[in-house]
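In what follows, a structure is listed as structure tokens, so that the remarks can point back to it.
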Amino acid sequence: MALGIDDVKVGCWTDEKNATGITVVLPPKGSLGAIAVRGGAPGTREAAALGPDGSGVECHAVVLCGNSVFGLAAADGVVQWCVEQGRGLELAS
């Protein structure tokens, strides 16, 4: 998907049968992120790291998904891909 923003990559996948999907945004290395959580019952994962009291580390991927907790579980695949690509925060083993 072309956005006209250098080095930002976007990918989408849709499950038409279950009326859900996922969009992944990969910002360039070194990008910082911010978040504003809105709505009546939003679900988030790692959102606090992007808030004003967050860690201030770089943003490696943004996942937008639907269908409640099952949509949030789709982020597991994105995390695994990031690990395989060497993207993300290094954690002690």
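Under this note's numbering, residues 10 to 102 are what the sequence shown spells out, in order.
Using N, Cα and C, we set each Cβ at its ideal position, and we do this for glycine too.
Bear in mind that the values here come from a model prediction, so they are computed numbers and not experimental data.
Looking at LEU59 and GLY39, is the spacing between their C-beta atoms short of 9 Å?
-> The residue you call residue 39 lines up with position 30 of the sequence shown. The residue you call residue 59 lines up with position 50 of the sequence shown. Contact check for GLY39 against LEU59 fails: the beta carbons are separated by 9 Å or more.
Can you name the start and end residues of the beta strand (DSSP E) that GLY20 belongs to?
-> Start at 1 with the first residue of the sequence shown, and residue 20 comes out as number 11. From DSSP, the beta strand (DSSP E) with GLY20 extends over 18-24.
First and last residue of the beta strand (DSSP E) that includes CYS74?
-> Here residue 74 corresponds to residue number 65 of the sequence shown, with the count starting at 1. It spans 71-74 - the beta strand (DSSP E) in which CYS74 sits, taken as one unbroken run.
Going by the CB atoms, is the gap between VAL17 and PRO37 shorter than 9 Å?
-> Numbered from its first residue, the sequence shown carries residue 37 at position 28. Numbered from its first residue, the sequence shown carries residue 17 at position 8. Cβ atoms of PRO37 and VAL17: closer than 9 Å.
CB-CB under 6 Å to VAL34, same chain, minus the five flanking residues each way: which ones, in chain order?
-> In the sequence shown, counting from the first residue as 1, residue 34 sits at position 25. Within the same chain, VAL34 has close Cβ partners VAL19 and VAL71.
Which whole runs of the beta strand (DSSP E) in the region 35-91 are 3 residues long or more, in chain order?
-> Complete beta strand (DSSP E) runs here, min 3: 71-74.
Do you know how far the Cα of TRP90 is from the Cα of GLY80?
-> Counted from its first residue, the sequence shown places residue 80 at position 71. Counted from its first residue, the sequence shown places residue 90 at position 81. Whole-angstrom Cα-Cα distance: 17 Å.
Other residues of its chain near THR23: CB distance less than 7 Å, five sequence neighbours each side excluded | Against the sequence shown, residue 23 aligns to sequence position 14. Within the same chain, GLY30 come within 7 Å of THR23 by CB-CB distance, once the 5 residues on both sides are set aside.
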